[in-house]
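Those protein sequence lines, which keep their order, are chains A and B. First residue of the first sequence: 1, per the working numbering; consecutive thereafter. First residue of the second sequence: 384, per the working numbering; consecutive thereafter. Following: one structure in structure tokens, then a few remarks.
2 protein chains.
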Amino acid sequence: MVASPSHRPPRPPRPEPPALLYAHAARRARALAARLRGKRPLFICTIAQTDTARIPGLSAAGATPELRELTPAADAEALYYGSARCLHGVPANPLGPPGPAIITIAALRLARIPVLVVDAGTRVRPQAPAIRLGEVPGACLTGGQAVPDAAGLYQRGYLLGAQLAGCADYLVLGESVPGGTTTALAVLLALGLDAAGRVSSSMAANAHALKEATARQGLAHLDPAAVARDPLRAVAAVGDPMQAAVAGLALGACGRVPVLLAGGTQMAAVLALVHALRRAEGRPLDPRRVAIATTRWVLHDPTADLAGLVAQLGPYAVLGSGLSFAASRHAPLRRYEDFLVKEGVGAGGAAVAASLRVGASAERLRRTVERVYRALPRANGSP
Amino acid sequence: MVASPSHRPPRPPRPEPPALLYAHAARRARALAARLRGKRPLFICTIAQTDTARIPGLSAAGATPELRELTPAADAEALYYGSARCLHGVPANPLGPPGPAIITIAALRLARIPVLVVDAGTRVRPQAPAIRLGEVPGACLTGGQAVPDAAGLYQRGYLLGAQLAGCADYLVLGESVPGGTTTALAVLLALGLDAAGRVSSSMAANAHALKEATARQGLAHLDPAAVARDPLRAVAAVGDPMQAAVAGLALGACGRVPVLLAGGTQMAAVLALVHALRRAEGRPLDPRRVAIATTRWVLHDPTADLAGLVAQLGPYAVLGSGLSFAASRHAPLRRYEDFLVKEGVGAGGAAVAASLRVGASAERLRRTVERVYRALPRANGSP
Numbered sequence: 001m002v003a004s005p006s007h008r009p010p011r012p013p014r015p016e017p018p019a020l021l022y023a024h025a026a027r028r029a030r031a032l033a034a035r036l037r038g039k040r041p042l043f044i045c046t047i048a049q050t051d052t053a054r055i056p057g058l059s060a061a062g063a064t065p066e067l068r069e070l071t072p073a074a075d076a077e078a079l080y081y082g083s084a085r086c087l088h089g090v091p092a093n094p095l096g097p098p099g100p101a102i103i104t105i106a107a108l109r110l111a112r113i114p115v116l117v118v119d120a121g122t123r124v125r126p127q128a129p130a131i132r133l134g135e136v137p138g139a140c141l142t143g144g145q146a147v148p149d150a151a152g153l154y155q156r157g158y159l160l161g162a163q164l165a166g167c168a169d170y171l172v173l174g175e176s177v178p179g180g181t182t183t184a185l186a187v188l189l190a191l192g193l194d195a196a197g198r199v200s201s202s203m204a205a206n207a208h209a210l211k212e213a214t215a216r217q218g219l220a221h222l223d224p225a226a227v228a229r230d231p232l233r234a235v236a237a238v239g240d241p242m243q244a245a246v247a248g249l250a251l252g253a254c255g256r257v258p259v260l261l262a263g264g265t266q267m268a269a270v271l272a273l274v275h276a277l278r279r280a281e282g283r284p285l286d287p288r289r290v291a292i293a294t295t296r297w298v299l300h301d302p303t304a305d306l307a308g309l310v311a312q313l314g315p316y317a318v319l320g321s322g323l324s325f326a327a328s329r330h331a332p333l334r335r336y337e338d339f340l341v342k343e344g345v346g347a348g349g350a351a352v353a354a355s356l357r358v359g360a361s362a363e364r365l366r367r368t369v370e371r372v373y374r375a376l377p378r379a380n381g382s383p
Numbered sequence: 384m385v386a387s388p389s390h391r392p393p394r395p396p397r398p399e400p401p402a403l404l405y406a407h408a409a410r411r412a413r414a415l416a417a418r419l420r421g422k423r424p425l426f427i428c429t430i431a432q433t434d435t436a437r438i439p440g441l442s443a444a445g446a447t448p449e450l451r452e453l454t455p456a457a458d459a460e461a462l463y464y465g466s467a468r469c470l471h472g473v474p475a476n477p478l479g480p481p482g483p484a485i486i487t488i489a490a491l492r493l494a495r496i497p498v499l500v501v502d503a504g505t506r507v508r509p510q511a512p513a514i515r516l517g518e519v520p521g522a523c524l525t526g527g528q529a530v531p532d533a534a535g536l537y538q539r540g541y542l543l544g545a546q547l548a549g550c551a552d553y554l555v556l557g558e559s560v561p562g563g564t565t566t567a568l569a570v571l572l573a574l575g576l577d578a579a580g581r582v583s584s585s586m587a588a589n590a591h592a593l594k595e596a597t598a599r600q601g602l603a604h605l606d607p608a609a610v611a612r613d614p615l616r617a618v619a620a621v622g623d624p625m626q627a628a629v630a631g632l633a634l635g636a637c638g639r640v641p642v643l644l645a646g647g648t649q650m651a652a653v654l655a656l657v658h659a660l661r662r663a664e665g666r667p668l669d670p671r672r673v674a675i676a677t678t679r680w681v682l683h684d685p686t687a688d689l690a691g692l693v694a695q696l697g698p699y700a701v702l703g704s705g706l707s708f709a710a711s712r713h714a715p716l717r718r719y720e721d722f723l724v725k726e727g728v729g730a731g732g733a734a735v736a737a738s739l740r741v742g743a744s745a746e747r748l749r750r751t752v753e754r755v756y757r758a759l760p761r762a763n764g765s766p
């Protein structure tokens, strides 16, 4: 039989991105994924605010500086209600794209993963249930007294983590902290990592120089010997409340269940912290207990180096979600592929957990995120 | 062979109390116990304070009126730490016996049941992680405006309950609310139950007359037709914040997992509330989804009638723990058998859950409670 002239061979299907990526300690990452497949996760988003985020030019986690004040509360609300209460839709990037909360919401819904919110210290409280671990936001890290109650936050986080470990087969710990990559950089440097130029950003053009200058200002107040004895001093001086709380959650839980730190270089700082805390106690952390799970955009971020940070700590697994918006018909979502938004609200870890729980493909995840995006109220990210 | 004269036959073993009691809808209660056996529960203690508790003569939940202010916070702390932070040991009865938190602590430890604390509205905040659902304590019910935000507490509780249902095979919902049997009486009366003389008390001599006079003063402000349309009006007028929050938790969760309301007649008020809420919505609550689990002391309380209250609602199961201190060598614990302390902090429900989870006998529970009791700091219940 001869094909008619009008017949064209079908276009070869666009190669689908894999659901899971293995970016560091790949064999260990694959083994962890195999161990968690089908298991029941619990997702916990820890929110916090700092005065560090008020330094102009550091953060794009919010459409305007005024709206940035609402970002952690709005993200927490969006996780419960599907969109925020204190603003329309979800927190957005100044250039328009919706924030990463839509990914987290979609992934948790798709796989029916339960979510809890931890408030480690906020000015604007979410209109949603939150586990209060701290009462005050962080100060500006330049003063060298960013989180005076770091030890208390850690201890309460530890207690809570020990209980939450009884509620699931593993924990996925995300965050929403504007300005958090700067406090991450400062804590990584305080803990002795070669971190300059390696942390990610909520902006496409990563403000490395400003971040480093800001971090160095805070670090001038810090005695490295004191940090070696007590790594929480790094957070107390130049960190943010989320770091202490999530470090506590992770170490409180990881004796009983595996823990996925859901984020990019902010979670590298938390990993560095738990690694240092356990080393200071003389019982090194087993790298099979804690891993990082993040997005493709963080893993491919040309302005940052997550794997290079983790490699300085040890063979901790870094997993990624293959989720891509390249094939999306929604222009604001396609901007993710320009690295305009990369991570936040545990988006990558939630996507990884959804793929592990129900076998969600990257395409199915994308379609679910698109549905969440279309259902958002108009005037996205405005009050 | 002839027994030597010094031989005495061994004393017959003291008959051990059964681990579980079935006090109402016994067949349904047995079926529920069979369904939950071995399953993984999550225990949630909701704390709240009210000005109603400040009326002299109503509550013995605390060694003195001053210490009673600390009771909900101290109970929450004791669940996390084994004893309170804001006072020594656990809240105690004015006549000496340690409060029921020791039972809850023992049961949860024995069966490794995870615990979370919900704060529905307190003046004294616990030094422990708590999920904040409300910011203000309840007013005195005599004014008829006891919980202005009852609807908000209910809604946030519902949201949270829907998430927590994904964290366990069933939920056990306890409370610590001084003065709570008076707000329970008022809400039961507001919802149309024949409750006078039927609620329990933290005191051996139940102050029925004072409770009823107090409740009636609040009820004078209430329009029964409004309550029929919206049962939360009963809580808003004459209840306490815990009732609205736990009703939300229960209805948010019970579509997915069974819910045990862990308490005595205070939980009868919550049951009456969720029953009425669902009836007002035109979709009656399935009595297999929600049950009450309490202590032997509540079930045998000569001054109250839990089963008589539940019978007015429908065939809801009431389970009890067989835990008894009759055989204890600790005199303060034996005072429970005089009905000096009966229930609180979800003690009965936690004990039931421990028996269901690990098959703990009443005797093993007693021995575990005794160990918790002996480990308490001296000067029990003092600041």
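Note that CB positions come from ideal geometry on N, CA and C, so glycine has one too. Note that the coordinates shown come from a computational prediction; the quantities given were computed from them, not determined experimentally.
The shortest C-alpha to C-alpha distance from I430 (chain B) to any of B:L491, B:D552, B:P512 and B:A412 is the one to B:P512. Taking the Cα of P715 (chain B) as reference, the smallest distance to any Cα among B:C523, B:A534 and B:E753 is reached at B:E753. Closest in C-alpha terms to Q266 (chain A), from the list A:A293, A:G255, A:A84 and A:R278, comes A:A293. A204 (chain A) and L376 (chain A) have their C-alpha atoms spaced approximately 24 angstroms apart. Between V115 (chain A) and chain B, the shortest Cβ-Cβ separation is below 7 angstroms.
Within the stretch 74-88 of chain A, Y80 place their CB atoms closer than 7 angstroms to a CB of chain B, listed in sequence order.
Put simply, the backbone Cα of V352 (chain A) is about 29 angstroms away from that of G134 (chain A).
With its beta carbon at least 7 angstroms from every one in chain B, G252 (chain A) lies outside the interface. Around the C-beta of T447 (chain B), fewer than 16 other C-beta atoms lie within 10 Å, and the residue is accordingly described as exposed. The beta-carbon of C45 (chain A) is placed no less than 7 angstroms from the nearest beta-carbon of chain B. In the displayed model, L643 (chain B) falls within a strand according to three-state DSSP.
The beta carbon of A207 (chain A) sits closer than 8 angstroms to those of G57, L58 and S201, all from its chain and outside the five residues before and after it, given in chain order.
In the DSSP annotation of this structure, the continuous segment of the beta strand (DSSP E) that includes T677 (chain B) starts and ends at V673 to T677.
Residues of chain B whose Cβ lies closer than 8 angstroms to the Cβ of A130 (chain A) are, in chain order, I514 and R515. Any Cβ of chain B closer than 7 angstroms to the Cβ of R364 (chain A) would place that residue at the interface, and such an atom is absent. Excluding the 5 residues flanking it on each side, Q145 (chain A) has same chain C-beta neighbours closer than 8 angstroms at A139, H221, A236 and A237, in chain order.
The beta carbon of C523 (chain B) does not come within 7 angstroms of any beta carbon belonging to chain A, so the residue lies off that interface. Within 7 angstroms of the CB of L543 (chain B), the CB atoms of chain A belong to P129, in sequence order along the chain. Chain A has a Cβ within less than 7 angstroms of the Cβ of R539 (chain B).
Secondary-structure assignment with DSSP links E558 (chain B) through a beta bridge to B:T429. Residue environment for Y81 (chain A): exposed (fewer than 16 other C-beta atoms within 10 angstroms of its C-beta). One finds G549 and C550 in chain B with Cβ atoms closer than 8 angstroms to the Cβ of L42 (chain A), taken in chain order. The alpha-carbon of G179 (chain A) is positioned some 49 angstroms away from that of R757 (chain B). Residue burial annotation: G320 (chain A) is buried, with at least 16 other C-beta atoms found within 10 angstroms of its C-beta.
Around the beta-carbon of A490 (chain B), 16 or more other beta-carbon atoms lie within 10 Å, marking it buried.
Taking 7 angstroms as the cut-off, the Cβ atoms of A307 (chain A) and H24 (chain A) count as close.
Only residues of its own chain outside the window of five on either side were considered, and among them T46, L173 and V270 have a CB closer than 6 angstroms to the CB of V246 (chain A), listed in chain order. Boundaries of the alpha helix (DSSP H) harbouring L572 (chain B): G563 to A573, taken from the DSSP string.
The closest CA to that of M242 (chain A), considering only A:D149, A:G349 and A:R367, is found on A:D149.
Per DSSP, the continuous beta strand (DSSP E) segment holding V118 (chain A) begins and ends at V115 to G121. The Cβ neighbour count for E452 (chain B), taken over all protein chains shown within 10 Å, is at least 16; the residue is labelled buried.
Around the beta carbon of E664 (chain B), fewer than 16 other beta carbons lie within 10 angstroms, which makes this residue exposed. Against chain B, the beta carbon of Q163 (chain A) has neighbours under 7 angstroms at P497, V498 and L499, listed in chain order.
Here V372 (chain A) carries a helix assignment [DSSP, helix/strand/coil].
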